[in-house]
Amino acid sequence: MLRCGQADHRHDLADGRRLDGAVEGQSRRCVSGWRHAAPAGRVRSRSMKIIQLSDPHLMTPGGRLYGSDPLARLEACIADIGKNHADAELVVISGDLTNDGERAAYAALRDRLSQFSAPCRLMLGNHDDRALFLEMFPDARAEQGFVQSVFDGSEGRLILLDTLDSGHVEGRLCAARLEWLDERLQEAGNRPVVLFMHHPPFRIHMPVLDEVRLADADAFHDVLSRHDNVRHIFAGHVHRSIAGSWRGIPVSTLRSTNHQTALDFSQSWSLGHEPPAYAVIFIDADGVIVHFHDFPVPPLSDRVL
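Number 667 in my numbering belongs to position 210 of the sequence shown; there are no gaps in the numbering.
Shown next, in the form of structure tokens:
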């Protein structure tokens with residue numbers, strides 16, 4: 458019989474199998490309810506699977522950034538998603554599609570995205586060029602001149618925001634974009650809504666990145682506070698996988714498909730060496746679940762640029 462603190466991490470699964478996850482020499486706390494079956498008569502709800510990737514920072518094909526090939530890493534990400542998540546209802550790339558807003562980089566992105574079987578929505582970040590993007594992606598969903606859109610999926614509404622403030626690193630949602638968001642939230646009614654945006658509106662307590670988050674977060678929150686249907690905010694920009702809450706709303710950010718930010722709480726930015734990742738998101742009547750998945754990538758070059 459197990460007691461709290463023992464290291465035999467075996468768990469009974471619902472079908473009678475056992476999951477062995479013992480870690481020698483380590484202890485764990487007892488987790489109440491792990492073996493409990495679902496209440497009798499409860500029907501498991503359907504779920505909507507969404508894939509988020511962020512900050513590919515594509516360059517002209519062949520270019521390297523911080524020792525890696527952004528295009529090769531994006532290709533590896535696409536391949537992994539295609540192999541394991543072809544059933545996703547939507548793939549979202551949440552900004553900084555390119556590193557320098559180059560035409561050749563957008564052309565390479567357009568070519569590679571033809572490999573996605575699931576529908577894909579593109580968002581803009583501070584490294585992007587809105588006018589060139591709209592020229593290269595004429596079918597991109599854009600309203601009022603901004604790359605913002607709505608996706609009504611099987612289990613909720615996704616609202617994708619355009620926080621690019623051209624010429625600035627920090628993000629912004631002007632009055633027109635906030636009014637558009639207010640209308641889309643009103644339309645959703647009681648349906649659950651999740652928001653995707655490049656710039657997080659919240660601090661992550663890393664000063665160099667907090668300085669370049671969404672600049673008008675209070676005005677943004679004023680819009681959200683008029684509604685009671687936002688279940689989660691997904692962001693990019695910071696090149697780290699972070700989860701928490703902001704003014705009562707669950708939030709998360711995501712690592713880049715190319716390079717990462719080191720966990721450094723000083724006043725300077727430093728390169729991290731964590732692997733790239735994407736997020737697998739499940740949305741259903743019970744809530745929102747986010748898995749962060751590291752995918753295999755080509756090795757770094759010997760020279761970090």
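For each residue, glycine too, the CB sits at the ideal point set by N, CA and C.
Residue pairing for S551: DSSP places it in a beta bridge opposite M580.
With the rule of 3 Cβ pairs closer than 8 Å, the segment 581-592 counts as touching the segment 544-561.
By the neighbour-count definition (other C-beta atoms within 10 Å, threshold 16), S725 is an exposed residue. Under DSSP, T517 shares a beta bridge with no residue. Taking C-beta atoms as the reference points, F677 and L635 count as a pair closer than 8 Å.
Between the alpha carbons of D685 and G624 lies a gap of roughly 34 Å. For I538, the secondary structure class from DSSP, reduced to helix, strand or coil, is helix. Per DSSP, the unbroken alpha helix (DSSP H) holding F677 starts and ends at A674 to S682. Shown here for Q717: same chain residues with a beta carbon closer than 6 Å to its own, the five before and five after excluded, namely H696, G729 and E731 in chain order. Beta-bridge partners assigned by DSSP to H750: Y735. When E612, R567 and F608 are compared, the shortest CA-CA separation from L591 is found for R567. L711 and R683 have their C-alpha atoms some 27 Å from each other. Under the three-pair Cβ rule at 8 Å, the segment 649-662 counts as touching the segment 601-621.
Contact check for P733 against C534 passes: the beta carbons are separated by less than 8 Å. Out of E546, A561, R641 and S571, the CA that lies nearest to the CA of E532 is found in S571.
Under DSSP, M505 forms a beta bridge with I740. Rounded to the nearest angstrom, the Cβ distance from I550 to L579 is 5 Å, consistent with a contact under 8 Å. Rounded to whole angstroms, the gap between the alpha carbons of V607 and A597 is 12 Å. Here T714 has L510, P513, R530, L531, C534 and P733 as same chain residues with Cβ atoms under 6 Å from its own Cβ, once five neighbours each way along the sequence are excluded.
I507 is classed as buried because its beta carbon has at least 16 other beta carbons within 10 Å across all chains shown.
The Cβ neighbour count for R641, taken over all protein chains shown within 10 Å, is at least 16; the residue is labelled buried. The alpha carbon of H748 has as its nearest neighbour, out of S709, A633 and E600, the alpha carbon of S709. With a beta-carbon spacing of about 22 Å, S574 and D741 fall beyond the 8 Å limit used to define contacts.
A Cβ-Cβ separation of about 12 Å leaves M654 out of contact with I706 under the 8 Å criterion. According to the DSSP secondary-structure assignment, D609 is paired through a beta bridge with R614.
Here F722 is exposed, its C-beta having fewer than 16 other C-beta atoms within 10 Å. A straight-line Cα-Cα distance of about 16 Å links V745 and Y735. In the assembly as shown, P595 is an exposed residue. Its beta-carbon has fewer than 16 other beta-carbons within 10 Å. Annotated three-state conformation of M593 is helix, per DSSP.
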